[in-house]
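**Q** In order, the protein sequence lines correspond to chains A and B.
Residue numbering for the first sequence follows my numbering, starting at 15 and increasing by one per position.
Residue numbering for the second sequence follows my numbering, starting at 15 and increasing by one per position.
2 protein chains.
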Amino acid sequence: MSKLVSDLREAIERCGLRDGMCISFHHHFRGGDFVLNMVMDEIADMGFKNLKINASSIHDSHAPLIRHMENGVVTALETDYIGPAVGKAVSQGVLKTPVIFRTHGSRPSAIESGQSHIDIAFLGAPASDDRGNCTGTIGRSACGSLGYAFADAACADKVVIITDYLVPYPLTRRSISEECVDYVVKVDAIGDPAGIVSGTTRLPRDPIALKIADYAAKAIEASGLLKNGFSFQTGAGGASLAVAGFLKDIMLKQGIKGSYCLGGITGYVVDMLEAGCFEAIQDVQCFDLRAVESIRDNRNHMEITASQYASPTAKSTAASSLDVVVLGATQIDTQFNVNVHTDSNGYIIGGSGGHTDVAECAKMTIIVAPLSRARMSIVVDKVDCISTPGSSVDVLVTQYGICVNPCRRDLLERFTGAGIPVADIHDWKAMAEKMNGIPRGIEHKTSRIVARVMGRNGTQMDTIYQVE
Amino acid sequence: MSKLVSDLREAIERCGLRDGMCISFHHHFRGGDFVLNMVMDEIADMGFKNLKINASSIHDSHAPLIRHMENGVVTALETDYIGPAVGKAVSQGVLKTPVIFRTHGSRPSAIESGQSHIDIAFLGAPASDDRGNCTGTIGRSACGSLGYAFADAACADKVVIITDYLVPYPLTRRSISEECVDYVVKVDAIGDPAGIVSGTTRLPRDPIALKIADYAAKAIEASGLLKNGFSFQTGAGGASLAVAGFLKDIMLKQGIKGSYCLGGITGYVVDMLEAGCFEAIQDVQCFDLRAVESIRDNRNHMEITASQYASPTAKSTAASSLDVVVLGATQIDTQFNVNVHTDSNGYIIGGSGGHTDVAECAKMTIIVAPLSRARMSIVVDKVDCISTPGSSVDVLVTQYGICVNPCRRDLLERFTGAGIPVADIHDWKAMAEKMNGIPRGIEHKTSRIVARVMGRNGTQMDTIYQVE
């Protein structure tokens, strides 16, 4: 019983799309994604209006979405992240209703509870059989884990798998099972491989990033958490990645056998697994080719769903057991609240992703950032948007050393004892303001709400306003 | 965040068990299961009453359950199969309310839809970490697939994993994920390995079984379905298993490359996979050690959930694509209705398991049985219980040849063309009655209903009455 239909339009028709429905997408093809644009172009062409999109993230490659927002095809958006291109348009008021920002953990929770109902999920899959058993680990558009797509597949009324690589039934190493799938569409290409995964991930050479990473690694070493059974998440860019580099050396030198690495996964984390620093990887998203190859070949490199990653309503998640996470920030205030949603002009340039989730769960949450960026202080009196509350953040590391959240005196004592330079966050704010001047604040903010930032518990945490 | 509790009693207390609740079990430890008895003994000891059990199957090893039924600890039962020991007691009226018989496919469907609500699932697992990530593929009590346990894990309000083999977190090759699990209990033994899986599965030597199997294999060969991409399910015992033996020879000789084998899996099916007869195995339950080893080691040997196996409400299942299934019967009537629930005295001695599901789905459903068993005709005017409706059954094979359901004239023509001896089912009934005498029917049936047999669509298909 093949579920292949001739093209996207037939799938959309058979699914019974109507004005006002909610359709969903995952973001595993990141900057290389073709799926969202091709589906939205077809839907716009068919004359539908007033749709809601629920997407795990919106990237700059989705800039054509702006036109569909302008034309009233899309009037509502739920997502965990919006890149600067679409973010600017949203901040300027292109969308009829406020964006609902969730997190990578609370999105599947809201979908599974029925709070975020999805009528039709359009899920790109690098390999699928004609009944819809599919995987991200093989094919020309291989992206590795399909972690963010599981909740959509399980809960949407209708599920369409869009693939550029049809394999014989049954695809034995499926991520998503045919039991969820209504239709399968074969297209020429679901993405640009170069945009889906990066090539080799390299450690940064920027001396400030390396300095920050060195302090962060020393903080982890001094925290008391770095011992056998240690678990760890870090990001893919700049200082975050460099922390993994320093940490690997420390773990190998001290013979520490960690439990697992979590998160979006790079080749550098794979190296740590293969070097014996960790027993396992729990992978909700692959960032580079080496991670894709590893999740395909290494049975200790686990694919996890977004729920298994960090759902606040799961009985436990990979995040629940996390010791240390290293995260970034566009702003952090003296209460340790972190903003990763907006830039200094108030424009949306990101979103929580899993930031809020793992920060809340981890035993120690480290924010790494240079003290200033583009002559703007990172440390402020009050962040323009609370993405992750200060109660979830333990440590800020910049090139000048470490600030510890006052509620973590235990860590302060450990760091001081280890000879790590420790400062008060208010002093850093003063220092940055002396260097850069006092931030002017957002100048052209209006009173119209363009986005609501939901906390992990489902209540509204903050609001983002239109910028003129 | 370990979920280990000190013992079963603590888990039961923490789950908040109350009189009248529904608790559930899977049957992957079959005749070797210790879990159901140890949980029920503890619950009885704690003084609870009026509980409903939802178990995928009840085996003779669960005979202690009869006492709990007599004492009012258990007053309701939903299951897909009841072995003769408990079956006889149920038939004699030990249970306060009628058993609800479902199928291996409709059980998870009813659980997932909320029709069968489970308050607490007690799930034995041959290996688990202390957060409840667990698998059936390793450990002293390894049973292979945990297919029947998934719906319980996903949908029960509380989930307790009971294991005799704790492994470090994270168990990378988990079947059930920690996100579903509330508590983990370590016990000395969850089962008797000798009863969980049999040793080497051997083909039968009984000449009648071999004759039946030979006819069945010839029928498959003549059906037009045996070609590249062929899919197949057969049972683990007697003639059913022997069909696999004959079929393997035919497939190897003709160079036919099948798609997948489905079902409860024996080493003989594994041999067919490894010999290249099939590309994959979709395995909801392992019957022997070789199947357990294969699902552990061979990536083309897939573990599937009971929903993925045959849920009538899934968008498609492994059963949906099935070409041929070979199944048994205790009775078959001239309308091709099959009874696998009761014996000739009206006692419950089994249940559908997946019989009804795959019979409905497969392109050709073959019933294999000797024409007489214990001097009773298998073919009757009207089965005592309709387990699988005649509309799902295409062919009956006995040692005398083949009967074809009149609605499948296409098959009749193919078999006749292939020179296979074909008979009318009424003639066989007459022949069997001539040999054995006319069956007396159930002698001591009362008017009290002891079980309701539900069809795949959720409506009642038949009723089983108390026997005095």
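We put the beta carbon where it would ideally sit given N, CA and C, even for glycine.
The model shown is predicted, which means the values in this text are computed figures rather than measured ones.
Does the separation of the CB atoms of ASN314/B and ALA294/B fall below 7 Å?
**A** Taking 7 Å as the Cβ cut-off, ASN314/B and ALA294/B qualify as a contacting pair.
**Q** Determine the extent of the alpha helix (DSSP H) in which ARG304/A is found, giving its start and end residues.
**A** Per DSSP, ARG304/A belongs to the alpha helix (DSSP H) from 303-311.
**Q** Please name the residue or residues paired with GLY368/A in a DSSP beta bridge.
**A** Looking at the DSSP assignment, GLY368/A forms no beta bridge with any residue, so it has no partner.
**Q** Which runs of the beta strand (DSSP E), 3 residues or longer, sit entirely within the segment 202-238 of chain A?
**A** The segment 202-238 of chain A contains no whole beta strand (DSSP E) run of 3 or more residues.
**Q** Where in the segment 246-299 of chain B do unbroken runs of the beta strand (DSSP E), each at least 3 residues long, occur, reported from the N-terminal end onward?
**A** Listed in chain order, the complete beta strand (DSSP E) runs (minimum 3 residues) inside the segment 246-299 of chain B are 272-279.
**Q** Within its chain, find whatever has a CB closer than 6 Å to the CB of LYS172/A; leave out the 5 residues flanking it on each side and keep chain order.
**A** Around LYS172/A: CYS29, ILE134, ASP196.
**Q** When you compare only the Cα positions, how much space is there between ASP202/B and THR151/B?
**A** Cα-Cα distance, rounded: 18 Å.
**Q** Closer than 8 Å by C-beta to PRO78/B: which residues in its own chain qualify, once you throw out the five before and the five after it? Chain order, please.
**A** For PRO78/B, where only same-chain residues beyond five positions count, the Cβ hits under 8 Å are ASN51, MET54, ASP55.
**Q** Using a Cβ-Cβ cut-off of less than 7 Å, list which residues of the segment 183-197 of chain B approach chain A; keep chain order.
**A** From the segment 183-197 of chain B, only TYR183, PRO184, THR186, ARG187, SER191, GLU192, GLU193, CYS194, VAL195, ASP196 have a Cβ closer than 7 Å to chain A.
**Q** Could you give the DSSP three-state label for GLU317/B: helix, strand or coil?
**A** It is a strand residue.
**Q** Between the alpha carbons of GLU457/B and ASP476/B, how many angstroms are there, rounded?
**A** Near 19 Å, if we compare the C-alpha coordinates of ASP476/B and GLU457/B.
**Q** Provide the residue span of the beta strand (DSSP E) that contains THR412/A, from first to last.
**A** Start and end: 409-412.
**Q** ARG154/A: buried (16+ other C-beta within 10 angstroms of its C-beta) or exposed?
**A** Per the 10 Å Cβ criterion, exposed.
**Q** Let me make sure I understand the geometry here. Which of VAL211/A, ALA258/A, ARG219/A has the alpha-carbon closest to that of ILE234/A?
**A** Ranking the options by Cα distance to ILE234/A, first place goes to ALA258/A.
**Q** What are the residues of the segment 270-293 of chain B that lie near chain A, defined by any Cβ-Cβ distance shorter than 9 Å?
**A** Correct list: SER273, TYR274, GLU293.
**Q** To the nearest angstrom, how far is it from the Cα of SER71/B to the Cα of ALA320/B?
**A** Distance between the alpha carbons of SER71/B and ALA320/B: 13 Å.
**Q** With burial defined as no fewer than 16 other Cβ atoms inside 10 Å of the residue's Cβ, what is the status of ILE279/A: buried or exposed?
**A** Burial call: buried.
**Q** If we ignore side chains and look at the alpha-carbon of each, how far apart do ARG423/B and VAL436/B end up?
**A** When rounded, the distance between both Cα atoms is 12 Å.
**Q** Taking THR151/B as part of the beta strand (DSSP E), name the residues at either end of that continuous run.
**A** Where THR151/B is concerned, there is no enclosing beta strand (DSSP E), given that its DSSP letter is neither H nor E.
**Q** Check each residue of the segment 294-319 of chain B: if its Cβ is closer than 7 Å to any Cβ of chain A, include it; give the result in chain order.
**A** Listed by position along the chain: ALA294, GLN296, ARG313, ASN314, MET316.
**Q** From the beta carbon of SER75/A, is the nearest beta carbon of chain B less than 7 Å away?
**A** No, SER75/A lies away from the interface with chain B (no Cβ there is under 7 Å from its Cβ).
**Q** Please report whether the beta-carbon of LYS232/B lies at a distance below 7 Å from any beta-carbon of chain A.
**A** For LYS232/B, the answer is no, since every Cβ of chain A falls outside 7 Å of its Cβ.
**Q** Could you check whether GLY365/A and ILE57/A sit closer than 7 Å to each other, using their CB atoms as the reference points?
**A** Not in contact: ILE57/A and GLY365/A (Cβ atoms no closer than 7 Å).
**Q** Starting from ILE57/A, trace the alpha helix (DSSP H) both ways and give me its first and last residue.
**A** 49-59 is the extent of the alpha helix (DSSP H) around ILE57/A.
**Q** Can you grab the Cα-Cα spacing for the pair HIS41/A / ALA208/A, in whole Å?
**A** Cα to Cα, the separation comes out at about 15 Å.
**Q** Here's the rule I'm using: 16 or more other beta-carbon atoms within 10 Å means buried, otherwise exposed. How should THR473/A be labelled?
**A** With fewer than 16 Cβ atoms within 10 Å of its Cβ, THR473/A is classed as exposed.
**Q** By how many angstroms is the C-alpha of ILE226/A removed from the C-alpha of GLY415/A?
**A** When rounded, the distance between both Cα atoms is 7 Å.
**Q** Starting from the beta carbon of ALA328/A, find every residue of chain B whose beta carbon is closer than 9 Å, and list them in chain order.
**A** Within 9 Å Cβ-Cβ: SER191, GLU192, GLU193, CYS194.
**Q** Shorter than 7 Å from the beta carbon of MET15/A to some beta carbon of chain B?
**A** Interface residue, yes.
**Q** Would you mind working out which of THR149/B, VAL211/B, VAL284/B, GLY404/B sits nearest ASN353/B, comparing C-alpha positions?
**A** It is GLY404/B.
**Q** By DSSP's criteria, CYS417/A is part of a beta bridge. Which residues make up the other side?
**A** Per DSSP, LEU410/A, ALA437/A.
**Q** Scan the segment 133-159 of chain B for residues whose Cβ lies nearer than 7 Å to a Cβ of chain A and list them as they occur along the chain.
**A** Those residues of the segment 133-159 of chain B that come within reach of chain A (Cβ to Cβ, closer than 7 Å) are ARG145.
**Q** Any chance you could list the beta strand (DSSP E) runs of at least 3 consecutive residues sitting entirely within the segment 328-412 of chain B, in chain order?
**A** Complete beta strand (DSSP E) runs here, min 3: 338-341, 345-347, 378-382, 409-412.
**Q** DSSP has ILE114/B in a bridge; who is on the other side?
**A** Answer by DSSP bridge pairing, in chain order: GLU92/B, ARG466/B.
**Q** Using the DSSP secondary-structure output, state which residues sit across from VAL198/A in a beta bridge.
**A** DSSP lists LEU18/A, ILE175/A as partners of VAL198/A.
**Q** Please check the pair LEU239/B and ASP337/B, which I expect to be a contact at CB under 8 Å, by giving their CB distance rounded to whole angstroms.
**A** About 4 Å separates the two Cβ atoms, so the contact holds.
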